[in-house]
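In what follows, a structure is listed as C-alpha cells, so that the remarks can point back to it.
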Amino acid sequence: MKLLHIDSSILGDNSASRQLSGEVVKAWQAADASAVVTYRDLAADAISHFSATTLVAAGTSAELRNAAQQHEAELSASTLAEFIAADAIVIAAPMYNFTIPTQLKAWIDRIAVAGQTFRYTEAGPEGLCGGKKLVIVSTAGGLHAGQATGVAHEDYLKLLFGFLGITDIEFVRAHGLAYGDEVRTKALSDAHTQISEQLFAAA
Numbered sequence: 001m002k003l004l005h006i007d008s009s010i011l012g013d014n015s016a017s018r019q020l021s022g023e024v025v026k027a028w029q030a031a032d033a034s035a036v037v038t039y040r041d042l043a044a045d046a047i048s049h050f051s052a053t054t055l056v057a058a059g060t061s062a063e064l065r066n067a068a069q070q071h072e073a074e075l076s077a078s079t080l081a082e083f084i085a086a087d088a089i090v091i092a093a094p095m096y097n098f099t100i101p102t103q104l105k106a107w108i109d110r111i112a113v114a115g116q117t118f119r120y121t122e123a124g125p126e127g128l129c130g131g132k133k134l135v136i137v138s139t140a141g142g143l144h145a146g147q148a149t150g151v152a153h154e155d156y157l158k159l160l161f162g163f164l165g166i167t168d169i170e171f172v173r174a175h176g177l178a179y180g181d182e183v184r185t186k187a188l189s190d191a192h193t194q195i196s197e198q199l200f201a202a203a
C-alpha cells in the first residue's frame, strides 16, 4: 500500500498539524505493515504556483521547452505521478485566513488535471481517483467547522477531492487552538484519541 503524506504548515516543529499528521502516518503504518510512505513538505520544498509558464509547458513538446518550462513540466509530472500512485493520502491542512495555505493550493493545482484525475463527459464531470482513502488533518486557531468561516477550508477540500472521485474522506480536527490552554489541550487530546482509538479501529 502506497501512502502519500503531505505537510503544508510554515510553523515547523511548532505546528500542530504536522505533529498530528505524523501521528496519523505512524498509526497507519502500525495498522498496515505494507504501507510505504512518500513524504512531501510543501513549506520546506515549496511547489511554484500555477502560472502561464506552467500552462505553456504543458502544451509544448519537450524539445521546444525552455529551461523554465522544462522545470515546470517535470515538477507537474512528478507531483501528479505521486498522487495518482498513492492508495491513500494524509494531508495536514492548517487554516490560514479562513482557507488553506497557499503552498497546499499550489500542490492541488498540480494534481487537479483534466484527463488525468478528472474528466468532463456528456453527463458532466467525472472523478478518476475513486478508491483512494484520504485523511485530512484540519487545524485552526478558531472554531470554524460547520460555519461560514470554514467553507474555504474543510468544505473546499471535501468538494475538491470529491470532484476528483475521492469519497472516502475522514477529518482529524483540532480547532480552537488559540482559545487558551484548556481549549487547546482538549482539542489536541481529542485528536490524539481519534487517531489512536478510532481512525483504524476496523483495520
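The sequence shown maps to residues 1 to 203 in the working numbering. Think of the CB as a built atom: it goes at the ideal place given N, C-alpha and C, for glycine as much as any other residue.
Inter-residue spacing [alpha-carbon to alpha-carbon] between Leu-75 and Gly-141
32 Å
Beta-carbon gap between Leu-42 and Asp-87 smaller than 9 Å
no
Contacts around Gly-22, its chain only, beta-carbon distance under 6 Å, and the 5 residues preceding and following it disregarded
none
Are the CB atoms of Val-137 and Val-36 nearer to each other than 9 Å?
no
Assuming the contact rule is C-beta atoms closer than 8 Å, Phe-83 and His-153 should be a hit. Round their C-beta distance to whole Å, please.
Not quite, the Cβ-Cβ distance comes to about 20 Å (not below 8 Å), so this is no contact.
Going by CA-CA distance only, name the one from Ser-9, Leu-11, Met-1 that's closest to Ser-204.
With the chain represented from 1 up to 203, any question about residue 204 goes unanswered, as that position is not in the structure.
Using the rule of at least 16 other Cβ atoms within 10 Å of the residue's Cβ for burial, across every protein chain shown, is Pro-94 buried or exposed?
buried
Of the listed residues Ala-46, Arg-110, Tyr-96, nearest to Leu-160 (C-alpha basis)
Arg-110
Leu-143 and Ala-16 look like a contact to me (Cβ under 8 Å); what is the Cβ gap, rounded to whole Å?
The pair is not a contact, with the Cβ atoms about 15 Å apart (cut-off 8 Å).
Tell me, which residues are paired with Glu-170 by DSSP?
Val-135
Closest to Trp-107 by CA distance: which of Gln-198, Asp-190, Glu-72 is it?
Glu-72
Please report the distance separating the alpha-carbon of Val-172 from that of Ala-191.
6 Å
Going by DSSP, what residue range makes up the beta strand (DSSP E) through Phe-118?
118-121
Measure the alpha-carbon distance for His-53 versus Ala-62 and round it to whole angstroms.
Here residue 53 is Thr; the residue named in the question, His, does not match the sequence. So the two alpha carbons sit approximately 14 Å from each other.
Backbone secondary structure at Ala-191 - three-state DSSP:
helix
What whole-angstrom Cβ distance do Gly-127 and Leu-164 have, given they're in contact under 8 Å?
5 Å
Thr-99 in three-state terms, based on DSSP
strand
Please state if the CB of Ile-89 and the CB of Leu-157 are separated by a distance shorter than 9 Å.
no
Close Cβ partners of Val-113 (< 7 Å) along its chain, the five nearest in sequence each way excluded:
Leu-80
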